[in-house]
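Mapping of the sequence shown onto the working numbering: position 59 corresponds to residue 59, and the numbering continues sequentially without gaps. Note that CB positions come from ideal geometry on N, CA and C, so glycine has one too. Everything numeric in this text was worked out from a predicted model, so none of it was measured. To start, the structure itself, in structure tokens.
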Amino acid sequence: MTYELTLKDGRTLRIRISHPPDRTGYGPGLWAHILRDQLQVPEEEFWACVRDGTRPDRGEPSPPKTSLPADLVHLLITRVGIDERAVAEMTRDEALDRLRGFWTPGN
């Protein structure tokens with residue numbers, strides 16, 4: 001049986017599972033080959049994935065914690081004049097407070 005995993009960078013990892021003819025277990029050399037060449041993962045990361053569900057680092061960016069709506073970001077940068085990096089650090093509540101402060105007369 002062959003399993004495939006297509007990564008975000010376009011690579012496809014393939015592993016072929018077969019049993020030795022004499023039904024013995026896999027030797028250390030074959031196991032090392034599978035981890036290194038087919039799965040492309042260090043042994044520690046493999047076992048962390050098996051035990052804890054911790055996915056190996058495949059170079060993918062981590063998903064953003066939360067994101068602001070595009071129109072809110074646009075208003076904070078173009079109308080309120082806040083630096084793009086500062087906006088990127090804001091929580092949704094902080095961004096809304098800044099925009100409310102800008103639109104409220106007397107502030």
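Residue i and residue j: beta carbons closer than 8 Å?
i, j, result
"V73", "R98", "no"
"G59", "D9", "yes"
Report buried or exposed for residue i, applying the criterion of at least 16 other Cβ atoms within 10 angstroms of its Cβ.
i, result
"V50", "exposed"
"L76", "buried"
"L39", "buried"
By the DSSP assignment, the alpha helix (DSSP H) with residue i in it spans what residues?
i, result
"L75", "A70 to L75"
"E94", "R92 to W103"
"E43", "E43 to D52"
Taking the continuous beta strand (DSSP E) assigned at residue i, which residues delimit it?
i, result
"M13", "The amino acid at residue 13 is misidentified as Met; the sequence shows Leu. Per DSSP, L13 belongs to the beta strand (DSSP E) from T12 to R16."
"T30", "What sits at residue 30 in the sequence shown is Leu, not Thr. Run containing L30: none in the beta strand (DSSP E); it sits in the alpha helix (DSSP H), P28 to H33."
"E89", "Where E89 is concerned, there is no enclosing beta strand (DSSP E), although the alpha helix (DSSP H) it sits in stretches over E84 to E89."
"E60", "Premise fails: E60 is in no beta strand (DSSP E) and is neither H nor E."
"T78", "Where T78 is concerned, there is no enclosing beta strand (DSSP E), given that its DSSP letter is neither H nor E."
Can you give the beta carbon distance from residue i to residue j, rounded, assuming they're within the 8 Å contact cut?
i, j, result
"Y3", "I15", "5 Å"
"L68", "R92", "6 Å"
"E45", "P56", "4 Å"
Report the option in the options whose CA atom is closest to the CA atom of residue i.
i, options, result
"R36", "A70, L13, S18 and A48", "L13"
"K65", "T6, M90 and L7", "M90"
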